[in-house]
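S.K.: For the sequence shown, our numbering gives the first residue as 14, with consecutive numbering after it. Sharing a structure with you now.
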Amino acid sequence: MFGVTWAQVDRTQLLELSAQDPWVRWATSSELLAVAGEDGWACVGPWRPSGHWGGTAVVAPGSPERAESEALAVLAALADEQGVSVEWFSTLPGRSLEVPGGLAPSGSGHWDFLWTRETPVLDRVVEGVELVELDDVEDAERIADFGLRHNLSFEGYPGRGYATLWLGVVDDGDLVGVGAVHELASGIPHLAGIVVAQEQRGRGIGALLTARLTTAAIEEAGVSTLGVYSDNTAALRLYDALGYRTAHRLHTRSLRRSRS
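Now the structure itself:
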């Protein structure tokens, strides 16, 4: 089977070619490196303002098996010319990916990229709790301790400067939930680190946190994005109820530099 011929395109062209795909629209910046071909498109760029280069390939069903691998090889070479290394790359589930020379796989995971432009409306009131704003630096240890205690996969990264807003939910002086708004390299808000105390789940605290963070994001940029592990069905149901739409379900490979 023949491969895909990938041609470099800029962000404006990719927005048109992808029909304003939400990933391209909300998760990429002017630093994006992109290619397009007869079967789809692929791109990489910084995830955060500070870097963490990565991206995704979206191809049509039945595309050549090596389509994404060839796209990554082109994009990795373009990134190398700019002195940066691709740290992660995603395909749609079920698609294979071979890593080009100079890079090696270091892990993988499945997650969904969601977005909304709708300000959520809650249909229930959470009694006896208070929402408070937390400081990314001063409250970093408290946030991290809470997050990791109740979710070993906690990815809020307090204290690193990623968050523009942290909210906590307090019940009788005790922290029972936290969540943040991070800023993507695109300047678009991205919800992260949403965790509710295990013994407090089912009260609507997660919905309260997500709704308030989403509202803050939409007030700031007109849109809110978030990522969630694909097997977290409870969270996916919640986000769907709050108006989020799934742009892509992704299989992401973490990458590291390799001498071979």
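Cβ coordinates follow ideal geometry from the N, Cα and C atoms, glycine included.
Any idea if residue 14 is buried or exposed, counting beta-carbon neighbours within 10 angstroms, 16 or more meaning buried?
M.R.: To locate residue 14, count along the sequence shown from 1; it is residue 1. The predicted model places residue 14 with a pLDDT of 45, which falls under 50 and marks its position as unreliable, so this point remains unresolved.
S.K.: Considering only residues of the stretch 73-121, which uninterrupted alpha helix (DSSP H) runs meet the minimum length of 4 residues and lie entirely inside it, listed in chain order?
M.R.: Fully enclosed alpha helix (DSSP H) runs of 4 or longer: 80-94.
S.K.: Which two residues bound the contiguous beta strand (DSSP E) that contains residue 241?
M.R.: The sequence position of residue 241 within the sequence shown is 228, counting from 1. Element bounds for residue 241: 237-242.
S.K.: Relative to the C-alpha of residue 182, which residue among 125, 216, 175, 22 is closest?
M.R.: Along the sequence shown, one-based indexing puts residue 182 at 169. The option with the nearest alpha carbon to residue 182 is 216.
S.K.: Which of the three DSSP states is assigned to residue 36 in this structure?
M.R.: One-based indexing of the sequence shown puts residue 36 at position 23. In this structure, residue 36 counts as helix in the three-state DSSP scheme.
S.K.: Starting from residue 211, trace the beta strand (DSSP E) both ways and give me its first and last residue.
M.R.: Counted from its first residue, the sequence shown places residue 211 at position 198. No beta strand (DSSP E) holds residue 211; DSSP gives it neither H nor E.
S.K.: Rounding to the nearest angstrom, what Cα-Cα distance links residue 26 and residue 245 in this structure?
M.R.: Position 13 of the sequence shown, counted from the start, is the residue given in the question as residue 26. Position 232 of the sequence shown, counted from the start, is the residue given in the question as residue 245. Looking at the two C-alpha atoms, the distance is approximately 34 Å.
S.K.: Could you give the distance in angstroms between the alpha-carbon of residue 253 and the alpha-carbon of residue 30?
M.R.: Position 240 of the sequence shown, counted from the start, is the residue given in the question as residue 253. Position 17 of the sequence shown, counted from the start, is the residue given in the question as residue 30. Approximately 27 Å between the Cα atoms of the pair.
S.K.: Using 8 Å as the threshold, is the stretch 39-50 in touch with the stretch 74-92, meaning 3 or more CB pairs across them?
M.R.: Judged by Cβ distances under 8 Å, the stretch 39-50 makes contact with the stretch 74-92, as three or more pairs qualify.
S.K.: Helix or strand or just coil, what does DSSP make of residue 127?
M.R.: The residue given as residue 127 occupies position 114 in the sequence shown. Strand at residue 127.
S.K.: Use the C-beta contact count for residue 106: other C-beta atoms within 10 angstroms, 16 or more gives buried, fewer gives exposed.
M.R.: What you label residue 106 is simply residue 93 of the sequence shown in a count that begins at 1. By the neighbour-count rule (16 or more Cβ atoms within 10 Å), residue 106 is not buried but exposed.
S.K.: If you draw a straight line from the C-alpha of residue 269 to the C-alpha of residue 38, how long is it?
M.R.: On the sequence shown, position 256 is the one that residue 269 refers to. On the sequence shown, position 25 is the one that residue 38 refers to. Near 27 Å, if we compare the C-alpha coordinates of residue 38 and residue 269.
S.K.: Within the stretch 141-189, note down every full beta strand (DSSP E) run reaching 3 residues or more, in order along the chain.
M.R.: Counting whole runs of 3 or more residues, the stretch 141-189 contains the beta strand (DSSP E) stretches 143-147, 176-184.
S.K.: Hey, residue 54 and residue 197: beta-carbon distance below 8 Å or not?
M.R.: Along the sequence shown, one-based indexing puts residue 54 at 41. Along the sequence shown, one-based indexing puts residue 197 at 184. No; because the gap between Cβ atoms is not below 8 Å, this pair is not in contact.
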